[in-house]
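2 protein chains.
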Amino acid sequence: MSVTLKDVAALAGVSRSAVSRTFTEGASVSAKTRSKVEKAAAELGYSPNALASSLTTGRTKLIGLISNNFHNPIFLEVFDLFTRTLQERGLRPLIVNLTDEVQPANSVRMLRQYSVDAAIVASSTLPPSFAKAFHDAGVPVVHTFGRSATSPEVHVVGIDNVECGRMAARELLARGYRRIGYLGGPKDATSAMDRYRGFMEEVEKHPDLNVSHSFAGAYSFEAGRAEMLRLLADTPAEGYFCGDDILSIGALSALSDHGIKPGHDIGIIGLNDMEMSRWESVDLTTIHQPIKQIITASVDLVEEMLKDPDRYPEARIFPCRVIERGTLRPRP
Amino acid sequence: MSVTLKDVAALAGVSRSAVSRTFTEGASVSAKTRSKVEKAAAELGYSPNALASSLTTGRTKLIGLISNNFHNPIFLEVFDLFTRTLQERGLRPLIVNLTDEVQPANSVRMLRQYSVDAAIVASSTLPPSFAKAFHDAGVPVVHTFGRSATSPEVHVVGIDNVECGRMAARELLARGYRRIGYLGGPKDATSAMDRYRGFMEEVEKHPDLNVSHSFAGAYSFEAGRAEMLRLLADTPAEGYFCGDDILSIGALSALSDHGIKPGHDIGIIGLNDMEMSRWESVDLTTIHQPIKQIITASVDLVEEMLKDPDRYPEARIFPCRVIERGTLRPRP
DNA sequence: GATGCTGTTGCAACCGATTGCAACCGCGAT
DNA sequence: ATCGCGGTTGCAATCGGTTGCAACAGCATC
Chain A
0 MSVTLKDVAA LAGVSRSAVS RTFTEGASVS AKTRSKVEKA AAELGYSPNA
50 LASSLTTGRT KLIGLISNNF HNPIFLEVFD LFTRTLQERG LRPLIVNLTD
100 EVQPANSVRM LRQYSVDAAI VASSTLPPSF AKAFHDAGVP VVHTFGRSAT
150 SPEVHVVGID NVECGRMAAR ELLARGYRRI GYLGGPKDAT SAMDRYRGFM
200 EEVEKHPDLN VSHSFAGAYS FEAGRAEMLR LLADTPAEGY FCGDDILSIG
250 ALSALSDHGI KPGHDIGIIG LNDMEMSRWE SVDLTTIHQP IKQIITASVD
300 LVEEMLKDPD RYPEARIFPC RVIERGTLRP RP
Chain B
0 MSVTLKDVAA LAGVSRSAVS RTFTEGASVS AKTRSKVEKA AAELGYSPNA
50 LASSLTTGRT KLIGLISNNF HNPIFLEVFD LFTRTLQERG LRPLIVNLTD
100 EVQPANSVRM LRQYSVDAAI VASSTLPPSF AKAFHDAGVP VVHTFGRSAT
150 SPEVHVVGID NVECGRMAAR ELLARGYRRI GYLGGPKDAT SAMDRYRGFM
200 EEVEKHPDLN VSHSFAGAYS FEAGRAEMLR LLADTPAEGY FCGDDILSIG
250 ALSALSDHGI KPGHDIGIIG LNDMEMSRWE SVDLTTIHQP IKQIITASVD
300 LVEEMLKDPD RYPEARIFPC RVIERGTLRP RP
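Structure follows, in structure tokens:
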């Protein structure tokens with residue numbers, strides 16, 4: 000069926016070791032045998048079997064990429080960047096879709112069966128214990144978009160969600176909103192809770208404010224829309240921090256149903272700055288999360304763990320900034 | 000480091016074969032040894048190495064999933080469905096992101112190095128020759144969203160794009176549009192050309208019409224928007240068939256810049272019926288493409304090829320239908 | 001011509017599994 | 001007691017590579 004070392008060796012008239020060595024970086028082969036081997040290999044269309052070699056080297060270059068976030072458009076950007084960044088460095092993403100799954104056991108077992116060199120948990124809605132399960136099973140892991148504070152055992156890359164909460168609150172206050180609300184993601188997401196904490200921390204400095212909060216069922220358009228519709232049925236606030244752009248866009252849709260003009264009647268500030276937020280019809284004021292840097296840093300960490308698996312865990316936290324567009328009223 | 004057959008065999012006091020057999024479906028092992036082995040395996044936390052066994056069995060259960068479409072939100076749905084459907088059947092998606100690549104050679108080599116059991120090319124903007132390159136290299140392949148007519152050598156799953164073009168044209172005509180246009184995807188995409196062909200075929204039956212066409216640079220929001228802005232600078236048509244929902248949404252954004260009301264002033268019909276098209280703020284009249292069925296059928300074909308690699312190639316084409324929303328004027 | 005050195009080569013064991021084959025076991029039938 | 005049988009078991013070869021080790025080739029030096 001497929002061409003193996005042995006075939007090439009036979010055609011080139013050398014031993015199998017010689018062939019193996021011409022295909023491994025830095026091995027000792029003379030120019031003469033190398034060229035003989037290369038000629039034979041080209042003739043047969045040989046390319047080495049990565050899985051067979053992984054047996055002896057212990058390296059597969061497979062990286063588990065785990066997420067449960069297939070309903071937030073930002074993840075199209077995330078997957079694009081992850082897959083490209085990994086493959087640029089000779090690593091191969093093996094995807095695990097956790098949409099229906101919450102327990103790590105299955106994913107851990109599966110990725111160990113495929114001997115992945117490392118795993119990336121790309122989600123803020125999976126608990127820190129999830130990433131830790133990989134660590135405990137001996138799989139190097141980085142938790143992208145994870146919470147840094149309470150998981151000192153795995154690498155974490157992301158943003159300071161508490162600070163983002165504060166930032167959003169300050170922004171609403173600076174624009175004169177006094178009745179303000181937090182519309183967060185699902186309660187069991189660390190990101191939703193951390194943003195909430197920062198938001199509250201900041202607003203509690205001002206006792207005269209009227210503050211409310213609620214949590215959507217998911218980071219999705221539908222959940223954001225449903226939650227905002229619920230809020231509009233009662234007495235809504237003047238300004239909202241929505242814990243994610245897709246929630247914001249759902250909320251904007253609800254506002255539009257009621258003929259409410261964002262930025263004019265009710266203010267909305269999101270978080271992420273995904274491509275769609277720049278669309279003229281959306282024009283969402285939001286907190287920019289530096290996705291590209293986060294993903295590059297995550298893959299950097301993966302590579303460093305491949306060199307040194309016992310590397311001391313580290314948090315790489317990137318600063319965010321407000322992007323001014325049309326859904327908050329101007330600063331006075 | 001990790002637990003192997005040998006360790007389990009030693010602890011259970013049996014041969015390695017016995018251990019192997021208890022983990023392979025339908026092998027002959029007595030209840031007694033099986034339970035001894037299972038006890039030992041559980042104690043050591045053993046799980047078999049899928050890659051090592053692939054060496055002898057010739058099956059990896061790895062499926063290459065190849066795409067270049069990371070800027071069209073429909074692909075979030077596509078990836079979600081593909082990854083879930085594959086893993087439900089015990090197959091593992093190995094992603095290849097072709098954003099910067101057009102030649103198949105690299106992907107083919109890479110996927111052969113990882114001994115994938117099959118490959119899925121999920122893109123309508125890659126030429127039929129791309130999928131064929133896998134076939135020629137001995138990798139079973141299905142081309143999802145591919146063109147059926149001219150590639151009898153590989154399995155194709157998708158829709159009849161020519162018929163969709165006709166359908167869109169008929170729909171515009173039925174609503175009384177006489178100056179109509181096709182705003183398609185990139186010229187080198189078979190889907191863009193086939194939809195164009197069907198569209199023209201239908202409108203040419205009516206010599207009194209005023210028909211125009213143009214092609215966007217990509218299936219993306221920005222490309223659709225830019226193209227529509229260009230059209231608006233001259234004399235635009237009354238009704239457009241945009242060759243994809245994301246192009247439509249870009250076009251709608253351009254219309255909104257000019258204060259043009261879709262459905263009232265200018266009609267737009269898209270193709271795909273992605274989640275976003277249902278959003279109230281978008282409310283796009285479009286042709287529904289049955290993504291779920293297409294993906295299920297693709298994975299079905301993959302499984303059938305695993306059983307019979309020389310299976311005669313087949314096209315599975317699913318019918319589409321118009322979803323009426325707000326961007327075309329009502330039928331008279 | 002013997003010596004030593006460096007660089008190249010092949011042998012053989014090994015990575016973690018699977019599997020054909022032959023040996024073996026217990027057991028009922030003769 | 002012998003035989004035959006179906007079911008279980010272990011041996012050893014194999015899958016496609018890698019790699020430590022020892023042998024060796026070529027060359028310069030003494």
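As given, the protein sequences belong to chains A and B, one line each in that order. Going by numbering that gives the first Met the number 0, the first sequence opens with residue 0, and the numbers climb by one from there. Going by numbering that gives the first Met the number 0, the second sequence opens with residue 0, and the numbers climb by one from there. Quick reminder that beta carbons are idealized off the backbone N, C-alpha and C, glycines included. Remember, predicted model here, so these are calculated numbers, not experimental data.
Using a Cβ-Cβ cut-off of 7 Å (strictly less than) and excluding sequence neighbours within five positions of Pro72 (chain A), which residues of its own chain qualify? The residue given as residue 72 (chain A) occupies position 73 in the first sequence. For Pro72 (chain A), where only same-chain residues beyond five positions count, the Cβ hits under 7 Å are Ile245, Met273, Met275.
Look at the Cβ atom of Ser128 (chain A), then the Cβ atom of Phe144 (chain A), and state whether they are nearer than 7 Å. Translated into positions along the first sequence, residue 128 (chain A) becomes position 129. Translated into positions along the first sequence, residue 144 (chain A) becomes position 145. Cβ atoms of Ser128 (chain A) and Phe144 (chain A): not closer than 7 Å.
At 9 Å on the CB atoms, spell out the chain B contacts of Glu279 (chain A), in chain order. The count along the first sequence starts at 1 and reaches residue 279 (chain A) at position 280. Simply Arg224, Ser252, Ala253, Ser255, Asp256.
Cα-Cα, which of A:Ile119, A:Ala118, A:Val101, A:Ala148 is closest to Leu125 (chain A)? What you label residue 125 (chain A) is simply residue 126 of the first sequence in a count that begins at 1. Answer by Cα proximity: A:Val101.
If you reduce the DSSP assignment to three classes, tell me which class Leu125 (chain A) lands in. The residue labelled residue 125 (chain A) in the question sits at position 126 within the first sequence. Coil at Leu125 (chain A), not helix or strand.
For the beta strand (DSSP E) containing Cys319 (chain A), list its first residue and its last residue. For the purposes of this step, residue 319 (chain A) is taken as residue 320 along the first sequence, with counting starting at 1. Counting along the chain, Cys319 (chain A) falls outside any beta strand (DSSP E), and DSSP gives it neither H nor E.
Contact belief for Ile265 (chain A) with Gly157 (chain A) at Cβ below 8 Å, rounded distance in angstroms: By 1-based counting over the first sequence, the position of residue 265 (chain A) is 266. By 1-based counting over the first sequence, the position of residue 157 (chain A) is 158. In this structure Ile265 (chain A) does not touch Gly157 (chain A) by the C-beta definition: roughly 29 Å separates them, more than the 8 Å allowed.
If contact is defined by three or more beta carbon pairs under 8 Å, each pair taking one atom from either stretch, is the region 105-114 of chain B in contact with the region 189-200 of chain B? Cβ pair count under 8 Å is below three, so no.
Which parts of the region 93-168 of chain B are runs of the alpha helix (DSSP H), unbroken and 4 residues or longer, counting only runs that do not cross its ends? Scanning the region 93-168 of chain B for uninterrupted alpha helix (DSSP H) segments of 4 residues or longer gives 104-112, 127-135, listed from N- to C-terminal end.
What is the DSSP secondary structure of Thr59 (chain B), reduced to helix, strand or coil? Position 60 of the second sequence holds residue 59 (chain B). Note: Thr59 (chain B) maps to coil in three-state DSSP.
Those runs of the beta strand (DSSP E) which lie wholly inside the region 251-284 of chain A and span at least 3 residues: Look at the region 251-284 of chain A and you find these whole runs of beta strand (DSSP E), each 3 residues long or longer: 266-271.
Leaving out five residues before and five after Arg174 (chain A) in sequence, what residues of the same chain have Cβ atoms less than 8 Å from its Cβ? Residue 174 (chain A) sits at position 175 when you count from the first residue of the first sequence. Closer than 8 Å at Cβ, skipping near neighbours: Gly238, Gly266, Leu327, Arg328, Pro329, Arg330, Pro331.
Suppose the cutoff is 6 Å on Cβ atoms and the five residues either side in sequence are ignored; what does the same chain contact list for Ser247 (chain B) look like? In the second sequence, the residue the question calls residue 247 (chain B) occupies position 248. Close CB contacts of Ser247 (chain B) within its chain, under the 6 Å cut and outside five residues either way in sequence, are with Cys241, Ile267, Gly269, Leu283 (chain order).
Quick check: is the beta carbon of Ala132 (chain A) nearer than 7 Å to any beta carbon in chain B? In the first sequence, residue 132 (chain A) corresponds to position 133, counting from 1. Not closer than 7 Å to any Cβ of chain B, the Cβ of Ala132 (chain A) fails to qualify, so no.
Count the other C-beta atoms from every protein chain shown that fall within 10 angstroms of the C-beta of His263 (chain B), then say buried if there are 16 or more, exposed otherwise. Within the second sequence, numbered from 1, the residue matching residue 263 (chain B) stands at position 264. It counts as exposed.
Does the beta-carbon of Glu24 (chain A) have 16 or more other beta-carbons within 10 angstroms, so that it is buried, or is it exposed? Within the first sequence, residue 24 (chain A) is the residue found at index 25, counting from 1. With fewer than 16 other Cβ atoms from the protein chains shown falling within 10 Å of its own Cβ, Glu24 (chain A) counts as exposed.
Let's see if you can read the secondary structure: which residues bound the beta strand (DSSP E) around Ser213 (chain B)? If you number the second sequence from 1, residue 213 (chain B) lands on position 214. Unbroken beta strand (DSSP E) run through Ser213 (chain B): 209-214.
Can you give the Cα-Cα distance for Val141 (chain B) and Leu61 (chain A), rounded to whole angstroms? As a position in the second sequence, residue 141 (chain B) is number 142, starting the count at 1. As a position in the first sequence, residue 61 (chain A) is number 62, starting the count at 1. Whole-angstrom Cα-Cα distance: 23 Å.
DSSP beta-bridge partners of Leu182 (chain B): On the second sequence, position 183 is the one that residue 182 (chain B) refers to. B:Ser213, B:Cys241.
Examine chain A for any beta-carbon lying closer than 7 Å to the beta-carbon of Ser276 (chain B), and answer yes or no. Reading the second sequence from its first residue, position 277 is the one you call residue 276 (chain B). Not a single C-beta of chain A is nearer than 7 Å to the C-beta of Ser276 (chain B).
Name the residues in the region 39-54 of chain B whose C-beta lies less than 7 Å from a C-beta of chain A; which are they? Per Cβ criterion, the list reads Ser46, Pro47, Asn48, Ala49, Leu50, Ala51, Ser53, Leu54.
CA-to-CA distance, Asn48 (chain A) to Pro185 (chain B), given in whole angstroms: As a position in the second sequence, residue 185 (chain B) is number 186, starting the count at 1. As a position in the first sequence, residue 48 (chain A) is number 49, starting the count at 1. If I take the Cα positions, the gap works out to 37 Å.
Chain-ordered chain B contacts of Tyr239 (chain A) [CB-CB under 7 Å]: Locating residue 239 (chain A) in the first sequence gives position 240, where the first residue counts as 1. Within 7 Å Cβ-Cβ: nothing; Tyr239 (chain A) doesn't reach chain B, min ~17 Å.
Within 10 angstroms of the Cβ of Arg111 (chain B), are there 16 or more other Cβ atoms? Answer buried if so, exposed if not. In the second sequence, counting from the first residue as 1, residue 111 (chain B) sits at position 112. Per the 10 Å Cβ criterion, buried.
In its own chain, which residues sit with a C-beta less than 7 Å from the C-beta of Glu323 (chain A), not counting the 5 before and 5 after it? For the purposes of this step, residue 323 (chain A) is taken as residue 324 along the first sequence, with counting starting at 1. Counting only Cβ-Cβ distances below 7 Å, and skipping sequence neighbours, we find Thr284.
Min CB distance Pro92 (chain A) to chain B below 7 Å: Within the first sequence, residue 92 (chain A) is the residue found at index 93, counting from 1. So, interface residue.
For Arg111 (chain A), which residues in chain B fall below 7 Å Cβ to Cβ? Here residue 111 (chain A) refers to the residue found at position 112 of the first sequence. Per Cβ cutoff of 7 Å: Ser46.
Range of the contiguous alpha helix (DSSP H) that encloses Tyr195 (chain B): The sequence position of residue 195 (chain B) within the second sequence is 196, counting from 1. Here the alpha helix (DSSP H) through Tyr195 (chain B) covers 189-202.
Along the alpha helix (DSSP H) that carries Ser19 (chain B), what are the first and last residues, could you check? Numbered from its first residue, the second sequence carries residue 19 (chain B) at position 20. 15-21 is the span of the alpha helix (DSSP H), which, as asked, contains Ser19 (chain B).
Helix, strand or coil: how does DSSP classify Ser66 (chain A) here? The residue you call residue 66 (chain A) lines up with position 67 of the first sequence. Ser66 (chain A): strand per DSSP, three-state reduction.
Own chain, CB closer than 6 Å to Phe22 (chain B), minus 5 neighbours either side, in chain order: Reading the second sequence from its first residue, position 23 is the one you call residue 22 (chain B). Cβ within range, chain order: Pro47.
Just to confirm, is the Cβ distance from Asn160 (chain B) to Asp193 (chain B) under 7 Å? Your numbering for residue 160 (chain B) matches position 161 in the second sequence. Your numbering for residue 193 (chain B) matches position 194 in the second sequence. Less than 7 Å divides the Cβ of Asn160 (chain B) from the Cβ of Asp193 (chain B).
Could you please give me the residues that DSSP links to Ile286 (chain B) through a beta bridge? To locate residue 286 (chain B), count along the second sequence from 1; it is residue 287. Partner(s): B:Leu270, B:Val321.
Those residues which DSSP pairs with Arg91 (chain A) across a bridge: Residue mapping note: residue 91 (chain A) aligns to position 92 of the first sequence, counting from 1. Beta-bridge pairing links Arg91 (chain A) to A:Leu61.
Through-space distance from His205 (chain A) to Arg88 (chain A), alpha-carbon basis: Locating residue 88 (chain A) in the first sequence gives position 89, counting from the first residue. Locating residue 205 (chain A) in the first sequence gives position 206, counting from the first residue. Their Cα atoms are separated by approximately 50 Å.
Which chain A residues are close to Thr82 (chain B), counting only those with a beta carbon under 7 Å from its beta carbon? The residue labelled residue 82 (chain B) in the question sits at position 83 within the second sequence. What Thr82 (chain B) touches in chain A: Ile94, Asn96.
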